[in-house]
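The next block holds one structure in the form of structure tokens; read it before the comments.
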Amino acid sequence: MGQSGKNVLLLEARDQIGGLASTEEFVPGFKCNLINDVVKWIDPRVIKKLTLESHGLAFHFPDTVRIALEIQEQHISFFRDSNETAVSIANHSEKDAKVWKIFTEYINKLTHFLEKLYELTPPKLPNIGFKEALSMLTPLRKHGTRGLVDFMRVAPMMMPELVDE
């Protein structure tokens, strides 16, 4: 908006900048991002346009991405490598460990579809024509009809519902 000549004012409710991604000390000596602790995806065009890397943006991709703590210290560690995660899950459920890779591949396919959808420039409303509406379906070509059906079915679901399937 600023580049198009509009005045932009960004407000932060607290003394510390960062919003949902800001780091808090929750007990003395222990800090973490209490709400958003990971950035899943930023449109590469935004990174380039705002020259975010020249302002210090750097991504860190640790091998361990999550740990589900358990009171008896039988934690489940989630790794970038789905096979490593399956080994960790197997301590709790062999059945879940066996399908973990299939589940993550399925979620990654849906995520890829969303990333491509976010990259599209939305058509101008309300005078959208058939051609413009059809252009929004471009990311579906790779996933086909089954991909669209899966996406429409899964998108409104809560994660526990999907996991139960």
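All residue numbers in the sequence shown are consecutive under full-length UniProt numbering, ending with 165.
The beta-carbon is built from N, C-alpha and C at its ideal position, and this holds for glycine as well.
Classify residue i as helix, strand or coil using the three-state DSSP reduction.
i, result
"valine 39", "coil"
"residue 179", "Examination of residue 179 is not possible in this model, given that the chain is present from 1 through 165 alone."
"alanine 21", "helix"
"isoleucine 76", "strand"
"phenylalanine 26", "strand"
"arginine 66", "strand"
"lysine 31", "strand"
"histidine 60", "coil"
"arginine 146", "helix"
"serine 93", "coil"
"glycine 2", "helix"
"valine 163", "helix"
"methionine 158", "coil"
"threonine 104", "helix"
"residue 177", "Lying before the first or after the last residue shown, residue 177 is absent from the chain, which here runs from 1 to 165."
Does the distance from the CB of residue i to the CB of residue j come in under 8 Å?
i, j, result
"valine 154", "leucine 162", "yes"
"asparagine 7", "alanine 21", "no"
"aspartate 96", "phenylalanine 79", "no"
"serine 82", "threonine 104", "yes"
"leucine 120", "phenylalanine 151", "no"
Under a Cβ-count criterion, where at least 16 other Cβ atoms within 10 Å of its own Cβ denotes burial, should residue i be classed as buried or exposed?
i, result
"serine 54", "exposed"
"tryptophan 100", "buried"
"serine 93", "exposed"
"alanine 86", "buried"
"isoleucine 89", "buried"
"phenylalanine 113", "buried"
Quick test of your reading: residue i and residue j, contact by CB under 8 Å. State the CB separation rounded to the nearest angstrom.
i, j, result
"leucine 69", "histidine 75", "5 Å"
"alanine 133", "proline 122", "Wrong, their Cβ atoms sit about 11 Å apart, outside the cutoff."
"aspartate 164", "tyrosine 118", "The pair is not a contact, with the Cβ atoms about 28 Å apart (cut-off 8 Å)."
"glutamate 25", "glycine 19", "So it is not a contact: roughly 17 Å between Cβ atoms."
"leucine 57", "isoleucine 71", "In fact, because the Cβ distance is near 38 Å, the residues do not count as touching under 8 Å."
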